[in-house]
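Protein chains: 2
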Amino acid sequence: MGDHQAKAALYDALAEAAKALANGRRAELVDVLAQGERSVDELAAEIEQTVANTSQHLQRLLKAGLVTSRRDGTRIHYSLSSPLVGTLWRTMRQAAELHVAELDRLASDYLGDRTKLNTVTRDQLRTRLRQGDVVVLDVRPEQEFAAGHIRGAISIPPQDLKSRLGEIPDGADVVAYCRGPYCVYADDAVRLLTRRGVNAARLEDGFPEWAAERLPVSGAGS
Amino acid sequence: MGDHQAKAALYDALAEAAKALANGRRAELVDVLAQGERSVDELAAEIEQTVANTSQHLQRLLKAGLVTSRRDGTRIHYSLSSPLVGTLWRTMRQAAELHVAELDRLASDYLGDRTKLNTVTRDQLRTRLRQGDVVVLDVRPEQEFAAGHIRGAISIPPQDLKSRLGEIPDGADVVAYCRGPYCVYADDAVRLLTRRGVNAARLEDGFPEWAAERLPVSGAGS
DNA sequence: GTGTTATTCAAGGCATCTCTTGAACAATCG
DNA sequence: CGATTGTTCAAGAGATGCCTTGAATAACAC
């Protein structure tokens, strides 16, 4: 025994939470699960991995207590076990943004050049929502919109955008958002809308960040 | 190329911040560094590891950008590179407390039975500080007290406590604190004081948590 | 019951992590 | 200058992590 080993074991256990997030694929999983619960094969498709591998990563998250699972017939649905897990993920992401060298380059490798993209902050959007002079566009799969969205937003999933542009009122100012700062759907939407002559901007990050600040939301459980 | 790999690389980079914390010894290092800067051999003593191994862990934290180093003569001092790192560590600890099974058992293995220990919350202490009817006792090394402490606290380092009990005013109510929720110094102090008939309690956690809530502090940089 | 679908389990190969040891380096002291 | 002190580097052994593959479960449909 001895305090030495007891202390080491305690901090080892505290580090388990970090180990659970210490993998790119599991980070992607948590990022998707922050939008709501998902089945294993949906998650596997999102992170572009085999189902077996995705299942193993989910077991790891489960063992660390960061997610819970629920059986529904033949499917098993995973979800974050508490809002604190979302907070942990966002804090970790912030820390990486601030401190991990190379992150800027990797982000622009994936997201492309964002310098020409108009963006608005949460505060700006909140003000404009109160004034009512803006159309908020949720560019996520319908399921995620249903699980919760910015109050007053309209939903057009990414793959439907081209064919459903008519639903956007003529002459409206549009603010698009999706899952978070590293989600491309809103970027694509803003680029498309801009090309069509619509005045469009993207929200600086996504729905989870909006909800975490207790700004107005609608959907399941509200 | 392809988005597939770019996305994976981006999330791998985000996970780097978690990997840096995904080790018990590095968690201990961050926990100590949250009290202020330290040299390599001081840190090695704190985490009970060889200097070489401690140095390697510090390199890892440095590479992830979570700490910075400063040379002073023959010594090199490390410190957290921003308050966000402290926040990340506290959030991770909270997540582990809430979700990692076995943590309670490991904590009591190290800390002993806390059920008989009086504790006060930050809010309670704040109120009593305003009323002025409490003596706040900082049970950390002098260096850490000097780097910052709860405003109005008196400093008695852990190893001096027995010999300096006389400095505590007769009949006072004492609230002791140290580095954080898993630091034993305040526990030991409260137990010692209670045995001597002093009315003593420990603050629920430590100085970094107090400072993070922007409660009144004194010391370097204030 | 059989067949189908969704998920997990088990085993293996390769990479990374962790700690040890002993040497190398860098700044100071005499 | 050489000696000392504090820190880092380099190499290696053993453990753990990650992804692949193929088989095993579990619930459902017929």
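Residue numbers (UniProt numbering), protein chains in the order written: chain H, 1 to 222; chain Z, 1 to 222. Using N, Cα and C, we set each Cβ at its ideal position, and we do this for glycine too.
Check the C-beta distance from residue i over to residue j and give it rounded, since I have them as a contact under 8 Å.
{"i": "V136/H", "j": "A172/H", "result": "So it is not a contact: roughly 10 Å between Cβ atoms."}
{"i": "A95/Z", "j": "L84/H", "result": "6 Å"}
{"i": "G87/H", "j": "E204/H", "result": "Note that residue 87/H is Thr in the sequence shown here, rather than Gly. In fact, because the Cβ distance is near 18 Å, the residues do not count as touching under 8 Å."}
{"i": "A147/Z", "j": "G73/Z", "result": "Not a contact, Cβ separation roughly 20 Å."}
Check whether chain H comes within 8 Å of residue i, counting only Cβ atoms and requiring the distance to be less than that.
{"i": "H77/Z", "result": "no"}
{"i": "L215/Z", "result": "no"}
{"i": "Y182/Z", "result": "yes"}
{"i": "L192/Z", "result": "no"}
{"i": "L62/Z", "result": "no"}
{"i": "residue 223/Z", "result": "Given a span of 1 to 222 for chain Z in the structure shown, any question on residue 223/Z remains unanswerable."}
{"i": "S82/Z", "result": "yes"}
Would you tell me roughly how many angstroms separate the C-alpha atoms of residue i and residue j, rounded to the nearest one?
{"i": "A18/H", "j": "F207/Z", "result": "23 Å"}
{"i": "R60/H", "j": "Y78/H", "result": "12 Å"}
{"i": "S132/H", "j": "L10/H", "result": "For the record, residue 132/H in the displayed sequence is Gly; it is not Ser. Using only the alpha carbons, I get a separation of about 52 Å."}
{"i": "K101/Z", "j": "Y177/H", "result": "Note that residue 101/Z is Ala in the sequence shown, not Lys. Taking the straight line joining both Cα atoms gives about 36 Å."}
{"i": "P141/H", "j": "L66/H", "result": "24 Å"}
{"i": "L165/H", "j": "P181/H", "result": "23 Å"}
{"i": "Q159/Z", "j": "T50/H", "result": "56 Å"}
{"i": "L62/Z", "j": "L29/Z", "result": "12 Å"}
{"i": "E144/H", "j": "G36/H", "result": "6 Å"}
{"i": "S163/H", "j": "H149/H", "result": "22 Å"}
{"i": "I156/H", "j": "E16/H", "result": "39 Å"}
{"i": "D187/H", "j": "P216/H", "result": "23 Å"}
Specify the secondary structure class of residue i as computed by DSSP and reduced to three states.
{"i": "D72/H", "result": "strand"}
{"i": "S81/H", "result": "coil"}
{"i": "R38/Z", "result": "strand"}
{"i": "A186/Z", "result": "helix"}
{"i": "A176/Z", "result": "strand"}
{"i": "L66/Z", "result": "coil"}
{"i": "A153/H", "result": "coil"}
{"i": "L203/H", "result": "strand"}
{"i": "Q5/Z", "result": "helix"}
{"i": "D113/H", "result": "coil"}
{"i": "V51/H", "result": "helix"}
{"i": "D138/H", "result": "strand"}
{"i": "V100/H", "result": "coil"}
{"i": "T194/H", "result": "helix"}
{"i": "T119/Z", "result": "strand"}
{"i": "A18/Z", "result": "helix"}
So, does the CB of residue i fall closer than 8 Å to a CB anywhere in chain Z?
{"i": "T87/H", "result": "yes"}
{"i": "L10/H", "result": "yes"}
{"i": "E16/H", "result": "yes"}
{"i": "D205/H", "result": "no"}
{"i": "H4/H", "result": "yes"}
| chain Z contacts from the region 90–114 of chain H (Cβ-Cβ distance under 7 Å) | Residues of the region 90–114 of chain H with a C-beta less than 7 Å from any C-beta of chain Z: T91, M92, R93, Q94, A95, A96, L98, H99, V100, A101, E102, L103, L106, A107, D109 and Y110, listed in chain order.
| said: Tell me which residues of the region 124–143 of chain Z have at least one Cβ-Cβ distance to chain H shorter than 7 Å, keeping chain order. | reply: Those would be none; no residue qualifies.
| query | Looking at chain Z, which residues of the region 19–53 of chain H have a Cβ within less than 7 Å of any of its Cβ atoms? | reply | Flagged, chain order: K19, L21, A22, N23, G24, A27, E28 and E48.
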